[in-house]
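Student: Just so you know, we're using my numbering here: the sequence shown kicks off at 932 and counts up by one.
Glycine included, every Cβ here is placed at the ideal spot set by N, Cα and C.
Predicted, not measured: the structure shown is a model, and the values here were computed from it.
Can you read through this structure? Questions will come right after.
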Amino acid sequence: MKILTIIGARPQIIKAAALSRTIKNHFAKSIQEIIVHTGQHYDNNMSQVFFDELGIPTPDYNLEVGSASHGLQTAQMISGIEEILEKEKPDYIVLYGDTNSTLAGAIAASKIHIPVVHIEAGLRSFNKSMPEEINRIVCDHVSSLLFTPTKTGYQNLLNEGFKENKSPFTVDNVGIFHCGDVMYDNSLFFADVAEDKTSILPDLNLLNKAFILATIHRDHNTDNPVRLHAIFEALLEITVEKKIQVVLPLHPRTKKKMETLPVELSKRIKANSYIYVIPPVSFLEMIVLEKNAKLIITDSGGVQKEAYYFHKPCVILRPETEWVEIIEAGTGILADADKEKIKEAVNQLLYKNFEFPAIFGDGHVAEFICQTLIYNV
């Protein structure tokens, strides 16, 4: 069986590691994987380093699309992916998450009747102003196999008219599965080795120190000066009031947009010795920071989950989240980009003890996905 895996953004590269590793270790005789990198993330620190560090096979194809408007970027991906699909003729195209690479792969494959497999299906923010929401809905509705990480995701699919069908699964008889999260597979696999392979804690003088990890990258926050201003005001006030370090690995988009902040605010950020603004970190470095942080502040869906994996409370810089189980468990709070809500959420979460029920699977999700694909061919 041949599958063609589409990756393009940092989270997809990491997620693909779980499936690639499982194929290599358990299904090498029955599954051939062709990897296509769209080049949606073109910064070496945000892409190639992950292939090297996670042991993912070098992509068989790289479209090198790079940054562009949503329409242009997606159109170039569709054209490139379609050409590769016609050449390789895979049994399935495997797509992850909700990026423009996901959307392009779904459109290209469905138009020429190649079955689509969507990993991380069924997630909904119920906010269609988010490009990611449109991408994930379109992908789900042209897929033949949907693997959802949560019970909520599974229920969302049922609510949208998907049924609990029997194989063989096709685009008109879709298979839906609540299987858990491949990123939990990865986190378990790499957690034990991460601290031995990186020196980020001593490099930042964070050994045995309490600190907050923050990430900001969604265009809804970075491209809106009012929202970005409010988030940084909150971080500044939190560090002053709590006397606690905030570590901020800086996404390229955020770095560019920080240049538009008011001069006085930029000076205050630079002068604040508690705020560590650092370059993008590797996956293993991120794991170490997440494992050792006291609390995490983020607008990333992936980092919300990783916070939960490592039993860390999380302040979410969005008005809604597709990972509603985190909110229901009481370990995360939606604060949007509201300065006072962010500060209040930190006050509620920083020194409280939590329970973290198992909601993201058993750490063997990739094996289940591979077995399902083989069974359905």
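Please give me, in chain order, every unbroken run of the beta strand (DSSP E) with length at least 3 that falls completely inside the region 1145-1193.
Tutor: Counting whole runs of 3 or more residues, the region 1145-1193 contains the beta strand (DSSP E) stretches 1176-1180.
Student: Grouping DSSP H, G and I as helix and E and B as strand, with all else coil, what is Lys933?
Tutor: In this structure, Lys933 counts as strand in the three-state DSSP scheme.
Student: With Gly1106 as the anchor, note down where its alpha helix (DSSP H) starts and where it stops.
Tutor: Segment 1106-1109 is the beta strand (DSSP E) holding Gly1106; no alpha helix (DSSP H) there.
Student: Can Ile1209 and Leu1179 be called in contact, C-beta distance under 8 Å?
Tutor: Closer than 8 Å, so yes.
Student: Taking only runs that begin and end inside the region 1199-1244, name each unbroken beta strand (DSSP E) of 3 or more residues, in chain order.
Tutor: Those beta strand (DSSP E) runs which fall completely within the region 1199-1244 and span 3+ residues are 1206-1209, 1226-1229.
Student: Apply the 10 Å Cβ neighbour rule to Ala1202 and answer buried if 16 or more other Cβ atoms are within range, or exposed otherwise.
Tutor: Counting Cβ neighbours within 10 Å, Ala1202 comes out exposed, since fewer than 16 surround it.
Student: Could you say if the region 1119-1127 and the region 1213-1226 meet the contact criterion of at least three C-beta pairs nearer than 8 Å?
Tutor: They touch, by the three-pair rule.
Student: How about Ile1050 and Tyr1027: do their beta carbons lie closer than 8 Å?
Tutor: It is a contact, given that the beta carbons lie within the stated cut-off.
Student: Determine the direct distance from the alpha carbon of Arg1249 to that of Ser1041, and round the result to whole angstroms.
Tutor: Distance between the alpha carbons of Ser1041 and Arg1249 is about 32 Å.
Student: With DSSP as the reference, label Glu1298 as helix, strand or coil.
Tutor: It is helical.
Student: Buried or exposed for Gln943, please, with buried defined as at least 16 other CB atoms from any protein chain shown within 10 angstroms of its CB.
Tutor: Buried is the call here.
Student: Please state whether DSSP places Ile994 in a helix, a strand or coil.
Tutor: The sequence given here places Leu at residue 994; Ile does not occur at that position. The answer is coil: DSSP assigns Leu994 none of H, G, I, E or B.
Student: Quick check: the Cα distance between Leu1054 and Pro1133, rounded to an integer number of angstroms?
Tutor: Roughly 37 Å between the two C-alpha positions.
Student: Give a yes or no on contact between the region 1028-1039 and the region 935-954, applying the rule of three or more CB pairs nearer than 8 Å.
Tutor: Short answer: they touch.
Student: Applying the criterion that 16 or more other CB atoms from any shown protein chain within 10 Å of the CB defines a buried residue, is His1001 buried or exposed?
Tutor: The residue in question, His1001, is exposed, as its Cβ has fewer than 16 Cβ neighbours within 10 Å.
Student: Roughly how many angstroms separate the alpha carbons of Gln1302 and Lys1020, rounded to a whole number?
Tutor: Taking the straight line from one Cα to the other gives about 21 Å.
Student: Taking DSSP as the reference, what is the three-state secondary structure of Glu964?
Tutor: DSSP places Glu964 in strand when its eight states are reduced to three.
Student: Do Lys955 and Met1114 have their C-beta atoms closer together than 8 Å?
Tutor: Going by C-beta atoms, Lys955 is not nearer than 8 Å to Met1114.
Student: State whether the region 1148-1163 contacts the region 1255-1264, with contact taken as three or more CB pairs (one from each stretch) at a distance under 8 Å.
Tutor: Contact between the region 1148-1163 and the region 1255-1264 is absent, because fewer than three Cβ pairs lie under 8 Å.
Student: Does the separation of the CB atoms of Lys889 and Gln1176 fall below 8 Å?
Tutor: This structure leaves residue 889 out entirely; the chain is present only between 932 and 1308.
Student: Let me know if Pro1288 comes out buried or exposed under the rule of 16 or more other beta-carbons within 10 Å of its beta-carbon.
Tutor: Label assigned to Pro1288: exposed.
Student: Could you pull the start and end residues of the alpha helix (DSSP H) that Phe958 belongs to?
Tutor: Phe958 -> no alpha helix (DSSP H), and no H or E assigned at all.
Student: List the endpoints of the continuous alpha helix (DSSP H) containing Gly1002.
Tutor: Gly1002 -> alpha helix (DSSP H) spans 1001-1019.
Student: Give the C-beta separation of Ala1231 and Thr1146 to the nearest angstrom, bearing in mind that I take them to be a contact with Cβ-Cβ under 8 Å.
Tutor: Reading the sequence as shown, one finds Ser at residue 1231 and not Ala. Going by Cβ atoms, the distance from Ser1231 to Thr1146 rounds to 5 Å, so yes, they are a contact pair.
Student: Below 8 Å, how does it come out for the region 1085-1099 and the region 1269-1284: are there three or more Cβ pairs, yes or no?
Tutor: Counting Cβ pairs under 8 Å, fewer than three are found: no touch.
Student: Based on DSSP bridge pairs, tell me the residues matched to Gly939.
Tutor: None; Gly939 has no bridge partner.
Student: Express the C-alpha separation of Lys1243 and Lys1222 in angstroms, rounding to a whole number.
Tutor: So the two alpha carbons sit approximately 8 Å from each other.
Student: Since Ile1234 and Ile1227 should fall inside the 8 Å C-beta cutoff, what is the C-beta to C-beta distance between them, to a whole number of angstroms?
Tutor: Correcting the residue identity first, residue 1234 is Val in this sequence and not Ile. Sure, about 6 Å apart at Cβ, within 8 Å.
Student: Roughly how many angstroms lie between the CA atoms of Glu1013 and Glu1164, to the nearest whole one?
Tutor: For Glu1013 and Glu1164, the distance between alpha carbons rounds to 46 Å.
Student: With DSSP run on the structure shown, which of helix, strand or coil describes Tyr1282?
Tutor: Tyr1282 falls in the coil class under three-state DSSP.
Student: What span of residues does the beta strand (DSSP E) with Leu1088 cover, start to end?
Tutor: Taken as a continuous stretch (DSSP letters only), Leu1088 belongs to no beta strand (DSSP E), being part of the alpha helix (DSSP H) at 1082-1090.
Student: How would you write the range of the alpha helix (DSSP H) that Gly1263 sits in, first residue to last?
Tutor: Where Gly1263 is concerned, there is no enclosing alpha helix (DSSP H), although the beta strand (DSSP E) it sits in stretches over 1263-1265.
Student: For Lys1082, which residues of its own chain have a beta-carbon under 7 Å away from its beta-carbon, when the five flanking residues on both sides are left out?
Tutor: Cβ neighbours of Lys1082 beyond the five flanking positions: His1109.
Student: Is Phe982 helix, strand or coil when you go by DSSP?
Tutor: Looking at Phe982 - three-state DSSP - the assignment turns out to be helix.
Student: So, with DSSP's three-state summary, where would you put Thr1030?
Tutor: Coil, per DSSP.
Student: So, for Ala1297: in the same chain, excluding its five sequence neighbours on each side, which residues have a beta-carbon less than 6 Å away from its beta-carbon?
Tutor: Cβ within range, chain order: Ala949, Leu950, Thr953, Val1113, Asp1116.
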